[in-house]
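Residue numbering for the first sequence follows this note's numbering, beginning at 8 and increasing consecutively. Virtual Cβ for every residue (Gly too), placed ideally from N, Cα, C. Because the structure is a prediction, the values reported are computed rather than measured. This report concerns only the one structure given below.
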Amino acid sequence: MQRTLIKDLPNHIGEEVKVQGWLQTLRDQKSMQFLILRDKTGLVQVAHWKKGNPKLAETISALGTESALTIIGKVVANEVVRLGGLEIQLEELKVEGLAETPLPFDPFNEVLPDQDFRLDWRYLDLRRERNRLIIEVQTTLEAAMRTYWLDHDFIEIHSPKILGAASESGAELFSLKYFETTAYLAQSPQFYKQMAMAAGFERVFEIGPVFRADPSFTSRHMTEFTGVDMEISWIESHEDVMVFIENWLAYCYAEVKVKHGEQIKQHFGVELTVPTVPFPRLTMAEAYEVLKSLDYSLPPEQKGDLDPGAERALGKYIKDSYDNDFVFVTDWAFSVRPFYHMLHEDNPLLTKSFDLLGKGLEITTGAQREHRYEVLASQAQQKGLSLEPIQDYLNFFRYGCPPHGGFGLGLSRLLMIMMDLPTIREAVYLFRGPNRLRP
RNA sequence: GGGGGCGUGGUGUAGUGGUCUAACAUGUGGCCCUGUCAAGGCCAAGAUCGCGGGUUCAAAUCCCGUCGCUCCCGCCA
8 MQRTLIKDLP
18 NHIGEEVKVQ
28 GWLQTLRDQK
38 SMQFLILRDK
48 TGLVQVAHWK
58 KGNPKLAETI
68 SALGTESALT
78 IIGKVVANEV
88 VRLGGLEIQL
98 EELKVEGLAE
108 TPLPFDPFNE
118 VLPDQDFRLD
128 WRYLDLRRER
138 NRLIIEVQTT
148 LEAAMRTYWL
158 DHDFIEIHSP
168 KILGAASESG
178 AELFSLKYFE
188 TTAYLAQSPQ
198 FYKQMAMAAG
208 FERVFEIGPV
218 FRADPSFTSR
228 HMTEFTGVDM
238 EISWIESHED
248 VMVFIENWLA
258 YCYAEVKVKH
268 GEQIKQHFGV
278 ELTVPTVPFP
288 RLTMAEAYEV
298 LKSLDYSLPP
308 EQKGDLDPGA
318 ERALGKYIKD
328 SYDNDFVFVT
338 DWAFSVRPFY
348 HMLHEDNPLL
358 TKSFDLLGKG
368 LEITTGAQRE
378 HRYEVLASQA
388 QQKGLSLEPI
398 QDYLNFFRYG
408 CPPHGGFGLG
418 LSRLLMIMMD
428 LPTIREAVYL
438 FRGPNRLRP
């Protein structure tokens, strides 16, 4: 017998059906038992007259909430039933997976345990439609990203996550034992996507894990997260990269809105708006002017940088004056950027780089990269880096590398701002942080 | 790494020097109820108040240490 999804039951009135799902509630009365069964598509009431099958009644009485069940019964229309005006009259029931009692917590209760406890039992928390929706949105989002890339002649790469040497700064790398030597977990696919430019791939993307050994205790940091990276060749400046991002993101938002807009509104109270392009752009110098006019004072040690408060203030300013959730902050000082960002021809103190803020949160960093070997090596030295550990990387630029640029985006951070999630721990399937390595 | 906050039955909270032999909700177990539907009613079990030390006649409550969680900052996506 084929399984019927709960949402399709109205089309099966009068028929015998098989339904599979979880026992959300059991109302066990003297002569009747009512089981509320839940599958991915909805809830249905299953009614059982105890005297009709006393043995089955006993089995049902022993069921713990959230047990996984297969039931067979007849669908009948019944106006009295508040849940959809129909119910299933139970004929057969199979306990596929008994739920122990009591549950660590009831995911469908009005009050929930704090998040750390729920993370211990993440799969129970994920039984809530709201939480599954977040991962469904992620699925749609990634699919839209890929569709857009593929429509624009991109090649997908998967770069190694085990590295023999520190890549960028080396500060926030996890090290691990690798046979007789030490290896590191990649903190970004940066170098390898640039290698694809040297390889002549012209346009590449990668969605993959990224590891950061930063003991950051905030609502927006993880030690392992999914990085969305992209790199394109033959650009004239970082502006070309920004133009690509804004159109790409607008496309992705539109796809998510079509598919999940209603659910997002229902569960998170957020009216998902497809951002208008182009996104506002502020040079770092202009951003400082704006902050000054807002009376936001940056700590003096933040010279050339933005702190999270400044990012939020800018985000609000852009929302108020341009009605856009996004803003590019461009032309950051070389002093606060990595060595491989290209410098402005007319101002060697500034890089051809940008951050993308979404609702005041940093979700993306990008730049035109320096593709000229000698210049790149010199910039690395200016940063006090020794060339030897990065020689493999520098070699990418020795035999004809085109001008190029790209960006890295935090997938969960994007989901966070899409649905106004209070913490990144909700935006990810399983959170990994300095003190969270399980389940 | 720096700073703030919190830690009470399974879970969420109340209690912030004595009336705490720790309360309420929810969950769990039992009984009752002609079909319930956020079901309802009755009963029961369940907490050495994170841990260790101290102050006091008296500590869940104050102090110190410690562990855990959390928020902010640093760092970043």
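- For glutamine 36, there is no enclosing alpha helix (DSSP H), as DSSP gives it neither H nor E.
- At the C-beta level, proline 196 and glycine 171 stay beyond 8 Å of one another.
- By the neighbour-count criterion, in which a residue is buried when 16 or more other Cβ atoms sit within 10 angstroms of its Cβ, leucine 256 is buried.
- Apart from sequence neighbours up to five positions away, the residues of its chain that approach glutamate 99 with a beta-carbon distance below 6 Å are Ile79, ordered along the chain.
- In this structure, leucine 368 lies near glutamate 318, with their beta-carbon atoms less than 8 Å apart.
- Burial check for glutamate 253: the Cβ neighbour count within 10 Å reaches 16 or more, so the residue is buried.
- As the crow flies, the alpha-carbon of leucine 183 is around 23 Å from that of leucine 394.
- Taking the CA atoms as reference points, lysine 47 sits about 47 Å from tyrosine 347.
- The residue among Asp113, Trp128, Gly59 and Gly71 with its C-alpha nearest the C-alpha of glutamine 96 is Gly59.
- Excluding sequence positions up to five before and after glycine 311, its CB lies within less than 6 Å of the CB of Ala340, Ser342 and Val343, all in the same chain and listed in chain order.
- The alpha-carbon separation between glutamate 94 and glutamine 9 amounts to approximately 18 Å.
- Sequence-distant Cβ neighbours of phenylalanine 438 in its own chain, meaning closer than 7 Å and more than five residues away, are Leu126, Met229 and Arg432.
- Cβ neighbours of tyrosine 406 within its own chain (closer than 8 Å, five residues either side excluded): Ala205.
- A residue is called buried once 16 or more other Cβ atoms fall within 10 Å of its Cβ, and aspartate 330, having fewer, is exposed.
- DSSP places glutamine 52 in no alpha helix (DSSP H) but in the uninterrupted beta strand (DSSP E) bounded by 49-56.
- With fewer than 16 neighbouring CB atoms inside 10 Å of its own CB, tryptophan 241 falls in the exposed class.
- Going by beta carbons, valine 53 and leucine 42 fall inside the 8 Å limit.
- When the Cα atoms are used, glutamate 238 and valine 336 turn out to be separated by approximately 19 Å.
- For histidine 274, the enclosing alpha helix (DSSP H) has its first and last residue at 245-275.
- Counting only runs that start and end inside the region 106-141, the alpha helix (DSSP H) elements of at least 4 residues fall at 122-127 and 129-132.
- If you look at leucine 421, you'll find it isn't in any beta strand (DSSP E); it sits in the alpha helix (DSSP H) that goes 418-426.
- In the three-state DSSP reduction, aspartate 46 falls in the strand class (E or B).
- Glycine 316: member of the alpha helix (DSSP H) spanning 315-329, first to last residue.
- Contact between the region 370-377 and the region 320-328 is absent: fewer than three C-beta pairs spanning the two stretches fall below 8 Å.
- The bridge partners DSSP lists for valine 217 are Phe232.
- For valine 277, same chain residues with a beta-carbon under 7 Å away, outside a window of 5 residues either side, are Ile271, Met426 and Asp427 in chain order.
- Straight through space, the alpha carbons of aspartate 314 and threonine 225 are spaced by roughly 14 Å.
- If the five residues before and after glutamate 73 are omitted, its C-beta is found closer than 7 Å to the C-beta atoms of Trp29, Leu30, Ala106 and Leu110, all from its own chain and listed in chain order.
- Boundaries of the alpha helix (DSSP H) around valine 297: 291-300.
- Restricting attention to Val211, Ile142 and Thr189, the CA atom closest to the CA of phenylalanine 198 is found in Val211.
- In the three-state scheme derived from DSSP, where H, G and I count as helix and E and B as strand, asparagine 402 is classed as helix.
- Ranked by Cα distance from phenylalanine 161, the first of Gly92, Thr430 and Glu213 is Glu213.
- Beta-carbon to beta-carbon, proline 167 and alanine 193 are separated by about 7 Å, close enough to satisfy the 8 Å threshold.
- Residue burial is scored here from C-beta neighbours: arginine 45 has at least 16 other C-beta atoms within 10 angstroms and is therefore classed as buried.
- In this structure, the straight-line span from the alpha carbon of threonine 280 to that of phenylalanine 251 is close to 19 Å.
- Residue pairing by DSSP places aspartate 362 opposite Val336 and Thr372 in a beta bridge.
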